[in-house]
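Below: one structure, written as structure tokens.
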């Protein structure tokens, strides 16, 4: 995969018209888009189908978690939509149900380990006894055992996650911030260059591109950082 196949731009905007404008602005530079709750609840699921039909890849970021039958039923329908990736929280029973439901569809299921906006204090307040790092590694092992297609984790954990999941699973890392950009509410971040070097296969970037004065220039800057990591001379 080249850099364009590894960069996923998050369409974290409130309306379809804004999403359409952004996709038009980014043009052929961007092949892969993430659609999450905000846009999904504003008509984004139909928009996701349209983007997929136009040749774009779609990462549907729904972070599913429910009883087994409900997860399986949801995954079965999502698999029919032409999506490339789908997230669910990395709970063993939910992952097993999703893997069975997606069998043979080509949909890459991603287990969300620990949200990149959460640190040790946040996890403690939520009732977890483990620190973020330990919980990420535990859930990575559970995702591999369940037969998931990949993991969502901070780039800071990517190297150790790669050791656990092996060479074939995708490692998708949000919390990516280009050199010199603001971290916002993300607490575990890394640059595009460093994330790929750490073992990530795909990088999710939203605000640094979506909110940039010139989104296309911002996207190209991220791609250039990624090329620096992917070029054989830098390996």
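In my numbering, the protein residues as written are -19 to 215. Where is the CB? At the ideal position from N, CA and C, for every residue including glycine. Just so you know, these numbers come straight off a predicted model, no measurement behind them.
Rounded straight-line distance, which links the Cα of residue j to that of residue i
| i | j | result |
| --- | --- | --- |
| residue -11 | residue 32 | 14 angstroms |
| residue 211 | residue 199 | 18 angstroms |
| residue 197 | residue 78 | 38 angstroms |
| residue 171 | residue 157 | 5 angstroms |
| residue 202 | residue 115 | 29 angstroms |
| residue 14 | residue 204 | 20 angstroms |
| residue 111 | residue 18 | 29 angstroms |
| residue 216 | residue 175 | Limits of the chain in this structure are -19 at one end and 215 at the other, which puts residue 216 out of reach. |
| residue 27 | residue 189 | 20 angstroms |
| residue 63 | residue 38 | 5 angstroms |
| residue 4 | residue -13 | 17 angstroms |
| residue 153 | residue 101 | 21 angstroms |
| residue 58 | residue 182 | 21 angstroms |
| residue 240 | residue 187 | For residue 240 there is no data in the structure shown, the boundaries of the chain being -19 and 215. |
| residue 54 | residue 86 | 15 angstroms |
| residue 107 | residue 29 | 38 angstroms |
Among the options, the one whose alpha carbon lies nearest that of residue i
| i | options | result |
| --- | --- | --- |
| residue 91 | 85, 109, 66 | 66 |
| residue 83 | 173, 52, 14, 93 | 52 |
| residue 218 | 196, 111, 80 | Since the first and last residues shown for the chain are -19 and 215, residue 218 lies out of range. |
| residue 95 | 184, -17, 172 | 184 |
| residue 49 | 18, 27, 73 | 73 |
| residue 123 | 145, 138, 154 | 145 |
| residue 235 | 107, 105, 143, 150 | Given that the chain is displayed from residue -19 to residue 215, the structure contains no residue 235 and the question cannot be resolved. |
| residue -9 | 36, 207, 173 | 36 |
| residue 71 | 103, 97, 106, 128 | 128 |
| residue 126 | 138, 155, 147, 75 | 75 |
Limits of the alpha helix (DSSP H) - the one that residue i falls within
| i | result |
| --- | --- |
| residue 144 | 138 to 145 |
| residue 199 | 195 to 210 |
| residue 2 | -4 to 6 |
| residue -13 | Element bounds for residue -13: not the alpha helix (DSSP H) but the beta strand (DSSP E), -13 to -10. |
| residue 175 | 172 to 178 |
Endpoints, beta strand (DSSP E) assigned at residue i
| i | result |
| --- | --- |
| residue 153 | 150 to 153 |
| residue 183 | 182 to 185 |
| residue 260 | The requested residue 260 is not part of the displayed model; the chain covers only -19 to 215. |
Any chance the region 104 to 122 sits against the region 130 to 140, with 3 or more Cβ pairs inside 8 angstroms?
-> yes
Which ranges would you report for the beta strand (DSSP E) in the region 16 to 72 if only whole runs of at least 3 residues count?
-> 37 to 44, 65 to 69
For the region 1 to 11 against the region 38 to 50, are there 3 or more C-beta pairs whose distance is under 8 angstroms?
-> no
Whole runs of the alpha helix (DSSP H) within the region 68 to 114, excluding any shorter than 4 residues = 72 to 82, 100 to 105
Is the region -16 to -2 close to the region 12 to 29, with three or more CB pairs under 8 angstroms?
-> yes
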